[in-house]
């Protein structure tokens with residue numbers, strides 16, 4: 001293949017495989033959900049806009065984000081260019097108009113962020129190829145790059161304005177000089193490896209363990225541990241790598257520590273599962289910036305995350321596991337394989353079982369997978385035919401995900417029938433439901449429960465002004481309807497099927513019925529993100545709560561409210577393709593993507609509007 005790739009046609013094919021294909025797969029569905037945003041993570045965009053608004057590149061952690069600042073810094077010049085173009089074309093005359101445009105049409109800046117972060121994510125296949133080539137792979141380097149370019153897990157998290165996709169590119173960037181160091185032992189390579197790891201931890205706190213890439217390269221390198229000069233050289237190299245990791249991470253990710261000092265404990269967001277109760281979250285054992293992690297082992301996570309990883313990338317897992325055994329004698333692959341084994345052992349058994357924490361495996365498994373694929377190439381025609389069939393699977397999966405994400409979300413479809421409800425209707429919107437334009441009374445109610453967000457406050461200001469002046473409300477979706485957001489009234493623990501009244505709503509009642517009826521709610525929009533699991537929305541769940549495994553409530557049943565009394569169903573919007581249905585979690589992470597992407601025809605959960613019971 002190396003001879004073929006040296007020709008003009010080969011170079012064009014290589015350019016397509018390493019750059020054009022991955023970028024195309026990531027940009028095609030990039031507008032999913034817009035103008036609404038159904039991925040509940042706006043840290044990066046919010047932080048960049050906050051820095052620009054305050055003209056402060058070092059805001060204290062927690063003001064806008066608990067994530068590191070590298071990606072907001074990346075977006076700042078892009079947003080400056082976007083502002084300049086709009087100013088030149090007359091879309092806005094100054095920063096005030098631009099700020100109002102962002103408040104009324106946040107999709108403009110979110111789309112920009114998605115495009116930039118997807119482009120960063122799309123660099124991973126090329127970086128994997130370069131690292132695999134240094135590791136001695138030939139056709140296997142192309143195979144490894146293909147598996148990342150078309151890998152479903154990597155693709156899925158590359159089309160969101162979140163830090164996970166770019167962090168994978170920095171991971172792949174660190175493997176490249178790590179392999180060079182194992183081969184040659186040059187200090188520059190270990191320094192670059194540490195610096196690349198620093199970029200990863202400056203992207204998200206989960207990049208902290210990636211210092212181990214440099215550590216394994218340092219251990220596997222050619223310099224010995226015996227003799228004074230050799231030992232001093234090796235120790236010096238190790239210190240340089242750690243220093244580069246820490247310096248890059250601190251300056252680009254956590255510079256606020258130099259300005260504001262250490263992070264206050266109250267600003268740390270634990271990474272316990274979203275929706276887990278305070279009793280079961282159990283606190284954190286290690287904090288970095290505004291995020292924390294607990295070290296508790298939870299064996300149920302191993303089954304869940306293993307199944308999820310296989311569901312996303314079955315071919316990558318098959319070839320990768322086969323290639324791990326072949327990698328034992330290849331020291332140059334130890335940084336990738338060793339990092340992968342550590343990552344899976346730690347995060348695969350952690351109490352926090354978010355699927356996104358398996359994302360580094362989409363890169364780290366590619367190297368041994370390329371080695372196994374190279375063996376198949378050399379095994380003869382049968383092996384090559386089998387390999388081609390296997391490599392077709394991730395491309396088919398990727399194209400299917402692209403197609404589904406390009407369809408209209410169920411929550412977008414729900415906006416029209418919700419807007420047609422009779423005057424005086426008040427709808428309780430379940431968690432993960434549509435972002436419905438709220439009327440003035442609803443926003444005033446919400447302001448009594450929690451501080452309004454910037455968009456909510458801007459909308460309320462315009463609605464109040466419209467009572468006295470002629471204000472065009474079309475830009476904010478009209479006068480809105482009566483809406484009560486359930487997530488601001490109640491706390492939910494999905495893992496243990498628990499629920500309780502939120503602290504802010506304690507004075508409104510003791511249960512679903514009392515609180516919602518007291519607020520004049522006439523209808524409820526129920527959300528079911530997995531109709532196949534026999535667990536409905538926790539608002540109407542009649543099942544028993546489960547035992548809490550950790551934290552202050554350990555060994556007790558999670559608190560649970562009596563189910564909401566509802567009347568007849570008025571309409572349903574179902575993303576299912578056919579009668580069988582499946583997971584309805586898109587555009588967020590899936591528990592078993594191999595079947596889920598084929599059982600829905602559009603993103604979004606199953607929605608059902610019911611009248612409240614008498």
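Residue numbers (the UniProt record's numbering): 1 to 614.
Virtual Cβ for every residue (Gly too), placed ideally from N, Cα, C.
Since the model is a prediction, treat every value here as computed from it, not as a measurement.
- [ ] Give me the Cα-Cα distance between residue 108 and residue 97, rounded to the nearest whole angstrom.
- [x] Rounded to the nearest angstrom, the two C-alpha atoms are 14 angstroms apart.
- [ ] Could you round the C-beta distance between residue 368 and residue 343 to whole angstroms and report it? I think they count as a contact, below 8 angstroms.
- [x] Not quite, the Cβ-Cβ distance comes to about 14 angstroms (not below 8 angstroms), so this is no contact.
Open item on the list: Pop quiz: residue 169 and residue 123 are said to be a contact at Cβ under 8 angstroms. What is the actual Cβ separation, rounded to whole angstroms?
Closed with: The beta-carbon separation of residue 169 and residue 123, rounded to 5 angstroms, stays under the 8 angstroms limit for a contact.
TODO: With DSSP collapsed to three states, give me the class of residue 487.
DONE: In the structure shown, the three-state DSSP call for residue 487 is helix.
- [ ] Between the Cα of residue 167 and those of 154, 178, 177, spot the shortest distance and give me the residue it belongs to.
- [x] With distances taken between Cα atoms, residue 167 lies closest to 154.
Task: Limits of the alpha helix (DSSP H) - the one that residue 461 falls within - done: Residue 461: member of the alpha helix (DSSP H) spanning 454-466, first to last residue.
Open item on the list: Contact between the segment 318-327 and the segment 101-120 is defined here as three or more beta-carbon pairs at a separation below 8 angstroms; is this criterion met?
Closed with: Not touching, per the Cβ criterion.
- [ ] Please determine, among 439, 482, 481, the residue with the shortest C-alpha to C-alpha distance to residue 461.
- [x] Comparing C-alpha distances from residue 461 to each of 439, 482, 481 shows the shortest one belongs to 439.
TODO: Measuring alpha carbon to alpha carbon, tell me which of 288, 607, 518 ends up nearest residue 412.
DONE: For residue 412, the nearest C-alpha among the options comes from 607.
TODO: Report yes if the C-beta distance between residue 323 and residue 372 is below 8 angstroms; otherwise report no.
DONE: With respect to residue 372, residue 323 sits close: the two C-beta atoms are nearer than 8 angstroms.
Task: Residue from 366, 480, 254, 433 with nearest C-alpha to residue 203 - done: For residue 203, the nearest C-alpha among the options comes from 254.
Task: residue 523 - partner residues in DSSP beta bridges - done: Bridge partners of residue 523: 427, 611.
Task: Where residue 470 falls: helix, strand or coil (DSSP) - done: Of the three classes helix, strand and coil, the one that applies to residue 470 here is coil, per DSSP.
Open item on the list: By the DSSP assignment, the alpha helix (DSSP H) with residue 410 in it spans what residues?
Closed with: Segment 410-419, the alpha helix (DSSP H) holding residue 410.
TODO: Look up residue 600 in the DSSP assignment and give the residues it is bridged to.
DONE: The bridge partners DSSP lists for residue 600 are 576.
Open item on the list: Please identify the residue among 193, 13, 447 whose C-alpha is closest to the C-alpha of residue 210.
Closed with: Closest option to residue 210, Cα to Cα, is 193.
- [ ] Taking 8 angstroms as the cut-off, decide whether the C-beta atoms of residue 529 and residue 576 are in contact.
- [x] No; because the gap between Cβ atoms is not below 8 angstroms, this pair is not in contact.
Task: Selection from 446, 147, 141 that minimises the alpha carbon distance to residue 616 - done: Because residue 616 is not part of the residues shown, which for the chain are 1 to 614, the question remains open.
Task: Stretch-stretch touch, CB-based, cutoff 8 angstroms, three pairs: the segment 291-306 with the segment 82-100 - done: Using a Cβ-Cβ distance cut-off of 8 angstroms, the segment 291-306 and the segment 82-100 are not in contact, since fewer than three pairs of beta carbons, one from each stretch, lie closer than that value.
TODO: Flag this pair as yes or no: are the beta carbons of residue 18 and residue 125 separated by less than 8 angstroms?
DONE: Contact flag set, yes.
Open item on the list: According to DSSP, is residue 37 part of a helix, a strand, or is it coil?
Closed with: Note: residue 37 maps to coil in three-state DSSP.
- [ ] Within the same chain, show all residues whose beta-carbon is closer than 7 angstroms to that of residue 23, passing over the 5 residues directly before and after it, in chain order.
- [x] Result list for residue 23: 119, 122, in chain order.
- [ ] Evaluate residue 160 with the Cβ neighbour count: other Cβ atoms within 10 Å of its Cβ, from every protein chain shown; 16 or more gives buried, anything less gives exposed.
- [x] With 16 or more other Cβ atoms within 10 Å, it is buried.
Task: Length of the line joining the Cα atoms of residue 205 and residue 26 - done: Residue 205 and residue 26: Cα-Cα distance of roughly 24 angstroms.
Task: Three or more C-beta pairs below 8 angstroms linking the segment 136-145 and the segment 482-493 - done: Result no; under three Cβ-Cβ pairs closer than 8 angstroms.
Task: N-terminal and C-terminal residue of the beta strand (DSSP E) that residue 499 is part of - done: Its beta strand (DSSP E) spans residues 498-501.
Open item on the list: If I follow the unbroken alpha helix (DSSP H) through residue 256, where does it start and stop?
Closed with: Segment 256-260, the alpha helix (DSSP H) holding residue 256.
Task: Rounded separation between residue 190 and residue 240 - CA only - done: The straight-line gap from Cα to Cα measures roughly 8 angstroms.
Task: DSSP bridge partner residues for residue 557 (one or two, in chain order) - done: Within the DSSP bridge table, the entry for residue 557 names 547 as partners.
Open item on the list: Tell me the rounded alpha-carbon separation between residue 276 and residue 180.
Closed with: Residue placement at residue 276 is flagged as unreliable, the pLDDT there being 46, under the threshold of 50; the coordinate-derived value follows with that caveat. Spanning the two alpha carbons is a distance of roughly 44 angstroms.
Open item on the list: Which same chain residues end up closer than 7 angstroms to residue 419 when comparing Cβ atoms and leaving out the 5 residues on each side of it in sequence?
Closed with: In chain order, 481 place their CB closer than 7 angstroms to the CB of residue 419, counting only its own chain and leaving out the 5 sequence neighbours on each side.
Task: Backbone CA spacing between residue 519 and residue 505 [nearest angstrom] - done: Take the alpha-carbon of residue 519 and the one of residue 505: they are about 11 angstroms apart.
- [ ] Hey, could you find the ends of the alpha helix (DSSP H) residue 91 is sitting in?
- [x] Per DSSP, residue 91 belongs to no alpha helix (DSSP H) and is neither H nor E.
Open item on the list: Can you give me the C-alpha to C-alpha distance between residue 556 and residue 547, rounded to a whole angstrom?
Closed with: One C-alpha to the other measures close to 5 angstroms.
TODO: Can you say whether residue 55 is buried or exposed, counting buried as having 16 or more other CB atoms within 10 angstroms of its CB?
DONE: Residue 55 is classed as exposed because its beta carbon has fewer than 16 other beta carbons within 10 Å across all chains shown.
- [ ] Check the Cβ-Cβ distances between residue 482 and every residue of chain B, and say whether any is below 8 angstroms.
- [x] Absence of chain B from the displayed structure is noted, only one protein chain being present.
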